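If you count by my numbering, then the sequence shown holds residues 15 to 247, one letter each, in order.
Cβ coordinates follow ideal geometry from the N, Cα and C atoms, glycine included.
What you are looking at is a predicted structure, and each value in this text was computed from that prediction instead of being measured.
Beneath this line is the structure, given in structure tokens, with notes to follow.
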Amino acid sequence: MDELIPDGITRLLLVEGNDDEIFFRNFVDHLVASSDTRLLVSEFAIIQYGGRSQLTLRLRDLKKADNFEHITHIGIARDSDFNTDALRSVQDRIRTINREGPPIIDIPDHPIVLTIGDPKVSVLIVPSADREGMLEDLVMDSLQVDPIANCVHKFFDCLEEKQVTIVPEKRSKAQIRVFLIGKNVGLDTDVSGITERLFLSNAYETQVWQQRNLWESPKLADAKAFLTQLLKP
Numbered sequence: 015m016d017e018l019i020p021d022g023i024t025r026l027l028l029v030e031g032n033d034d035e036i037f038f039r040n041f042v043d044h045l046v047a048s049s050d051t052r053l054l055v056s057e058f059a060i061i062q063y064g065g066r067s068q069l070t071l072r073l074r075d076l077k078k079a080d081n082f083e084h085i086t087h088i089g090i091a092r093d094s095d096f097n098t099d100a101l102r103s104v105q106d107r108i109r110t111i112n113r114e115g116p117p118i119i120d121i122p123d124h125p126i127v128l129t130i131g132d133p134k135v136s137v138l139i140v141p142s143a144d145r146e147g148m149l150e151d152l153v154m155d156s157l158q159v160d161p162i163a164n165c166v167h168k169f170f171d172c173l174e175e176k177q178v179t180i181v182p183e184k185r186s187k188a189q190i191r192v193f194l195i196g197k198n199v200g201l202d203t204d205v206s207g208i209t210e211r212l213f214l215s216n217a218y219e220t221q222v223w224q225q226r227n228l229w230e231s232p233k234l235a236d237a238k239a240f241l242t243q244l245l246k247p
């Protein structure tokens, strides 16, 4: 079980899946490049837990690792999702693990506030604790500075006006894909091949993201604070 926590790691970030890991790895790279403060990146690892239903299993595995005793900070990132209380869900899963015996993991009362225990624990709810949605919504929030963002929203509003039923989860993911198509369709490229490379991570490679340095967008302030407290000495 030790291989779950690499040697020398003292700080863990638990994320739902691959898109989340790519987002936070890119964000950490930005923080390292732009921060005047030393950040303990060499002691930091990101671990996927495979969706909210699997968080309990991942926490259980972590507690069983012999080198879990070296962990000083744990961050848990979770989508707010739809029709659910994301923070309470995380709290309940930690309680379940704690009932199984020591070591005991602190239960955060509020998002982005480190507990005082050992290890310290913090939770980030995406896009925010008081709003339904997912990582795609947070990224789309940051992209609102681009002129075509409003076109994307109008397109989906038009579909709904024409009684096309779109579940919230699909709209969140589809908006990013439509945005990226909009950024590519005017280029001298074969549009038929665009769908092969439309991933959430492509948003961070767009000209608007890089030129406007959207890692510093006010929309990402909570995520920045969350990461910074995990990485600070």
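Beta bridge pairing from DSSP links leucine 18 with no other residue. In summary, leucine 71 is exposed, with fewer than 16 beta-carbon neighbours lying within 10 Å of its beta-carbon over all protein chains present. For glutamine 105, the uninterrupted alpha helix (DSSP H) run begins and ends at 100 to 112, by DSSP. Excluding the 5 residues flanking it on each side, lysine 187 has same chain C-beta neighbours closer than 6 Å at Glu150, in chain order. Counted as a single uninterrupted DSSP element, the alpha helix (DSSP H) harbouring histidine 167 occupies residues 163 to 175. The C-beta distance from leucine 26 to isoleucine 111 rounds to 14 Å, too long to fall under 8 Å, and the pair is not in contact. Sequence-distant Cβ neighbours of leucine 138 in its own chain, meaning closer than 8 Å and more than five residues away, are Gly89, Ile90, Ala91, Arg92, Pro125, Ile126, Asp236, Ala237, Phe240.
Going by DSSP, leucine 138 is part of the beta strand (DSSP E) stretching over 134 to 140. Taking a contact as a CB-CB distance under 8 Å, the pair leucine 152 and lysine 233 counts as one, their CB atoms being some 7 Å apart. Around the CB of alanine 217, 16 or more other CB atoms lie within 10 Å, so the residue is classed as buried. Contact annotation, serine 67 with proline 141: C-beta distance approximately 20 Å; criterion of less than 8 Å not satisfied. Around valine 55, the same chain offers Val42, Val46, Leu245 as residues with beta carbons nearer than 8 Å, after the five sequence neighbours per side are excluded. Shown here, histidine 124 sits in coil according to DSSP, grouped into three states, outside any helix or strand. When DSSP states are grouped into helix, strand and coil, arginine 74 belongs to the helix group. Cβ-Cβ distances below 6 Å link tyrosine 63 to Leu28, Leu69, Arg72 in the same chain, with the five nearest sequence neighbours on each side left out; the list follows chain order.
For isoleucine 121 and methionine 148, the gap between their C-alpha atoms comes out near 22 Å. Taking every protein chain shown into account, the CB of glutamine 224 has fewer than 16 other CB atoms within 10 angstroms, so this residue is exposed. Counting of Cβ neighbours within 10 angstroms places glutamate 30 among the buried residues, the total reaching 16 or more.
At least 8 Å separates the beta-carbon of isoleucine 60 from that of phenylalanine 96. When only Cα atoms are considered, threonine 98 and threonine 242 end up about 27 Å apart.
The DSSP-derived three-state label of glycine 89 is strand.
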